[in-house]
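Take a look at the structure below.
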């Protein structure tokens, strides 16, 4: 350890203009995604339709079909990546994904129950949202009743338990469901898809995602401190239990909202925070916006592939797994940081 | 009195680890906590930091009972230097030091330019200013320990608690960290700070010219200046091996296990694993 030279005041600055670059890239991807599809549009037609000067048919395609889906993909990707980054910091483990506390399993059960009872689409979404929130609520409640010194580990283990129970209930409903009508809908929902998305579907999810993002943004410094572990965070002046609960509620709200919208889309919340961390470092103040931007762009690309590479829609969850799994292996192979 | 513990019982839930513990730390004190593995040092520290509720007895920190104070209040009065660890994410060393400023920030605030200056100043003071932008998770154990001490300085508290600051460090790094603690202690006296540290090496209590607190089986066996308290009899009794205290040519005291122990075989405290 050498003598102190006068180090520059200020933290590591990510490459200048990185955020600008990400925003610009996202804008280009968005424009491209609006343009691409079975009804071919030129860049000029797309632009004209976007500013309200296109021909009727192009405007209908852009405004009624493409844009809702593009916006949904952006929101879902951004939300899952933000929730993933939060959960990873909170549980001090880069291998954690947003469904660690059973939100996906709960939302899955909620949606499958809705489909099983032949509820209307909006009710199925509401049921999925309630299921996701209820699962995490049950996990935190049960964990608070278990006396154990390692609260984080307790939470994760109870999450596994509740997730398994929800999964078993989902399987039971699948067995009982009408194999010609309900079962395909259930399977498709559990794999995630934005195929049937409309503006009306997005509107309720959007404010909830924003409401969830606000506390994550405000608590960005304390989330850094929490990633040192409960005991140290408390010694540094953070009410660890309360802060963690707030972060869990916010991240769960975000995940449950978009899972109700798109079904269970895996891997985004696991992989994207890693890429963001490679670009801007682990500081949550920079990690959160970077994850949001990259996650939005990533899911937009994947969803555009999902609706264009084959005659039929490819479920999102299949594509994110096919892309995410090998990528994650590569990350681990080159990874240098450990995890606890 | 900055920290005052009286007739303290410590432990987890129904399991009592220590009883009848009392200690005081005043401005400028260096208190060196010694005792075999499992004697309750770490549990005592966690209780003094308010991380673990006391089973009975009282702790007053800065004049008020610790049980009535918020985490922010406590963190402004007492800083904790844990054993060097690696966080799961590659934070910069400066970011780790900046986390010491958390108790001075509002709940939604980010550290500002002033906090950065304080953090960097703390690092410069320990001679590790050049590590500021290095990846903390890739520093050596000794460097990490110094970064954590810098974080305690940035926390700007009248009291600092260090849990075995030289454990798991090599010979050279131990000497470096100890020298910094000694410097810090000098500075601490001038600034009216107090330092409490635990160690497995009685020589360090002599080297730091500290007040020594000898703990054994959950009780405090002796409390006083190291040269008075760390006698051959007391150390032999507590560690369960014959210990001789000798004076070097430079006049410093050192402790040595006597030769006789080699044939005695391992004692229970060697086999009893890590600290509780």
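Chains as they are written, first to last, in the working numbering: chain C, 2 to 341; chain Y, 1381 to 1656.
Glycine included, each C-beta is placed from N, C-alpha and C at the ideal position.
Please check the pair residue i and residue j, which I expect to be a contact at CB under 8 Å, by giving their CB distance rounded to whole angstroms.
i                       : j                       : result
residue 216 of chain C  : residue 251 of chain C  : 4 Å
residue 183 of chain C  : residue 125 of chain C  : Residue 183 of chain C to residue 125 of chain C, Cβ: 11 Å. No contact.
residue 1582 of chain Y : residue 1610 of chain Y : 5 Å
residue 1389 of chain Y : residue 1459 of chain Y : Rounded, the Cβ-Cβ distance is 25 Å, inconsistent with contact.
residue 1479 of chain Y : residue 226 of chain C  : 5 Å
residue 187 of chain C  : residue 175 of chain C  : 6 Å
residue 136 of chain C  : residue 167 of chain C  : 6 Å
When the Cα of residue i is compared with those of the options, which residue comes out closest?
i                       : options                        : result
residue 1588 of chain Y : Y/1409, Y/1394, Y/1399, Y/1404 : Y/1409
residue 1451 of chain Y : C/239, C/254, C/311            : C/239
residue 211 of chain C  : C/76, C/36, C/45, C/61         : C/76
residue 304 of chain C  : C/278, C/170, C/43, C/73       : C/73
residue 1584 of chain Y : Y/1462, Y/1440, Y/1444, Y/1561 : Y/1561
residue 345 of chain C  : C/332, C/249, C/194            : Residue 345 of chain C cannot be examined here, being either before or after the span of chain C that is shown, 2 to 341.
residue 60 of chain C   : C/36, C/79, C/152              : C/36
residue 1404 of chain Y : Y/1593, Y/1395, Y/1598         : Y/1593
residue 1531 of chain Y : Y/1496, Y/1477, Y/1443         : Y/1477
residue 1518 of chain Y : Y/1547, Y/1623, Y/1620, Y/1472 : Y/1472
residue 1481 of chain Y : Y/1580, Y/1457, Y/1439         : Y/1457
residue 318 of chain C  : C/289, C/334, C/263, C/327     : C/263
residue 313 of chain C  : C/24, C/189, C/65              : C/189
Can you grab the Cα-Cα spacing for the pair residue i / residue j, in whole Å?
i                       : j                       : result
residue 81 of chain C   : residue 259 of chain C  : 8 Å
residue 256 of chain C  : residue 132 of chain C  : 12 Å
residue 1397 of chain Y : residue 1539 of chain Y : 24 Å
residue 1719 of chain Y : residue 282 of chain C  : Given a span of 1381 to 1656 for chain Y in the structure shown, any question on residue 1719 of chain Y remains unanswerable.
residue 315 of chain C  : residue 1483 of chain Y : 50 Å
residue 1498 of chain Y : residue 39 of chain C   : 60 Å
residue 1607 of chain Y : residue 1633 of chain Y : 8 Å
residue 325 of chain C  : residue 297 of chain C  : 15 Å
residue 275 of chain C  : residue 95 of chain C   : 7 Å
residue 1461 of chain Y : residue 1524 of chain Y : 11 Å
residue 93 of chain C   : residue 1470 of chain Y : 12 Å
residue 1590 of chain Y : residue 90 of chain C   : 39 Å
residue 321 of chain C  : residue 63 of chain C   : 25 Å
residue 44 of chain C   : residue 1475 of chain Y : 45 Å
residue 330 of chain C  : residue 1602 of chain Y : 56 Å
residue 1406 of chain Y : residue 1412 of chain Y : 14 Å
residue 129 of chain C  : residue 157 of chain C  : 21 Å
residue 88 of chain C   : residue 1495 of chain Y : 27 Å
residue 1550 of chain Y : residue 1463 of chain Y : 14 Å
residue 2 of chain C    : residue 267 of chain C  : Here residue 2 of chain C scores only 38 on pLDDT, less than 50, and its place in the model should not be relied on; the value that follows carries that caveat. Distance between the alpha carbons of residue 2 of chain C and residue 267 of chain C: 44 Å.
residue 1387 of chain Y : residue 1455 of chain Y : 24 Å
residue 1 of chain C    : residue 173 of chain C  : Here chain C comprises residues numbered 2 to 341, so residue 1 of chain C is not present and cannot be evaluated.
residue 1648 of chain Y : residue 146 of chain C  : Unreliable placement is indicated for residue 1648 of chain Y, whose pLDDT of 47 sits below 50; the coordinate value is still reported in the next sentence. If I take the Cα positions, the gap works out to 37 Å.
residue 11 of chain C   : residue 159 of chain C  : In this prediction, residue 11 of chain C has a pLDDT of 44, which is less than 50 and means its spatial position is unreliable; what the coordinates show is noted afterwards. So the two alpha carbons sit approximately 41 Å from each other.
Looking only at DSSP bridge pairs, what is residue i linked to?
i                       : result
residue 1412 of chain Y : Y/1577, Y/1592
residue 1385 of chain Y : Y/1403, Y/1439
residue 1603 of chain Y : Y/1593
residue 1391 of chain Y : Y/1396
residue 1539 of chain Y : Y/1458, Y/1574
residue 1608 of chain Y : According to DSSP, which records beta bridges pairwise, residue 1608 of chain Y is partnered with nothing at all.
residue 1515 of chain Y : Y/1472
residue 1444 of chain Y : Y/1441
residue 172 of chain C  : Paired residue(s): none; residue 172 of chain C is not in a bridge.
residue 1637 of chain Y : Y/1623
Using a Cβ-Cβ distance cut-off of 8 Å, determine whether residue i contacts chain B.
i                       : result
residue 1553 of chain Y : Although the question refers to chain B, the structure presented lacks it and instead comprises the protein chains C and Y.
Within 9 Å of chain C by C-beta, residues of the region 1443-1459 of chain Y in sequence order | Flagged, chain order: 1450, 1451, 1452, 1453, 1454, 1455, 1456, 1458, 1459.
Contact list for the region 166-183 of chain C against chain Y, Cβ threshold 7 Å = none
In chain order, what residues of the region 1482-1495 of chain Y put their CB closer than 9 Å to some CB of chain C?
-> 1482, 1483, 1484, 1485, 1487, 1488, 1489, 1490, 1491, 1493
Which residues, in order along the region 93-106 of chain C, keep a beta-carbon less than 9 Å from a beta-carbon of chain Y?
-> 93, 94, 95
Check each residue of the region 254-278 of chain C: if its Cβ is closer than 8 Å to any Cβ of chain Y, include it; give the result in chain order.
-> 278
Of the residues that make up the region 1421-1445 of chain Y, which ones have a beta carbon closer than 7 Å to any beta carbon in chain C?
-> Under the 7 Å Cβ criterion, the region 1421-1445 of chain Y contributes 1429, 1431.
Could you list the residues in the region 283-302 of chain C with a C-beta less than 8 Å from some C-beta on chain Y, going in chain order?
-> 283, 284, 286
Taking only beta carbons into account, state which residues of the region 1458-1479 of chain Y come closer than 7 Å to chain C, listed in chain order.
-> 1460, 1462, 1466, 1467, 1468, 1469, 1470, 1471, 1472, 1474, 1475, 1479
Chain C contacts from the region 1385-1415 of chain Y (Cβ-Cβ distance under 9 Å) | 1392, 1393
Along the region 231-249 of chain C, what residues have a CB closer than 7 Å to any CB found in chain Y?
-> 232, 233, 235, 236, 237, 238, 239, 240
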